[in-house]
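Down below is the structure, laid out as structure tokens.
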Amino acid sequence: METLIMHPETKEQLAALKAIAKALKVPFQKEQKAELTEREKTVNLYGIEMVEAIEKAEESIKKGNFKTLDPTKSLWDNIQ
72 METLIMHPET KEQLAALKAI AKALKVPFQK EQKAELTERE KTVNLYGIEM VEAIEKAEES
132 IKKGNFKTLD PTKSLWDNIQ
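Residue numbers (the working numbering): 72 to 151.
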């Protein structure tokens with residue numbers, strides 16, 4: 072026999088699917104979809120190397136390791 076995996080998008084769809092399964096006496100099991108943290112979502116999107124590089128840069132900025140550029144000067148004059 073086949074196994075069907077359905078992904079309802081609303082509570083109404085979920086309730087209807089449960090009602091049908093119960094009415095037909097079809098056994099089913101519930102699984103909770105684990106919510107990802109913001110960091111996990113970012114890692115999935117950009118990769119761990121990029122995320123770690125950005126976190127390292129943010130930590131460096133918090134420690135005061137940055138240089139403010141003067142917009143009236145050229146880039147070369149700003150870095151000298």
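Just so it is clear, CB atoms sit at the ideal spot from N, CA and C, and this is done for glycine as well.
Can you list, in chain order, the residues of its chain with a C-beta nearer than 8 Å to that of residue i? Leave out the 5 residues immediately preceding and following it.
i	result
GLU83	none
ARG110	VAL122
Nearest by alpha-carbon distance to residue i: which of the options is it?
i	options	result
LEU75	THR81, ALA92 and ALA128	ALA92
MET72	GLY135, ALA105, VAL97 and LYS134	VAL97
GLN100	ASN115, LEU107, ILE132 and MET77	MET77
PRO79	GLN103, LYS138 and GLU126	GLN103
Along the alpha helix (DSSP H) that carries residue i, what are the first and last residues, could you check?
i	result
ASP148	146-150
Quick one: residues in its chain with C-beta nearer than 7 Å to the C-beta of residue i, no 5 flanking neighbours on either side, listed in chain order?
i	result
LEU133	Note that residue 133 is Lys in the sequence shown, not Leu. Excluding residues within five positions, none has a Cβ falling inside 7 Å.
Would you say residue i lies against chain C (beta-carbon separation less than 8 Å)?
i	result
LEU85	Structure shown: chain C not included; a single protein chain is present.
Entirely enclosed beta strand (DSSP E) segments - the region 95-134, minimum 3 residues:
Along the length of the region 95-134, whole beta strand (DSSP E) runs at least 3 residues long do not occur.
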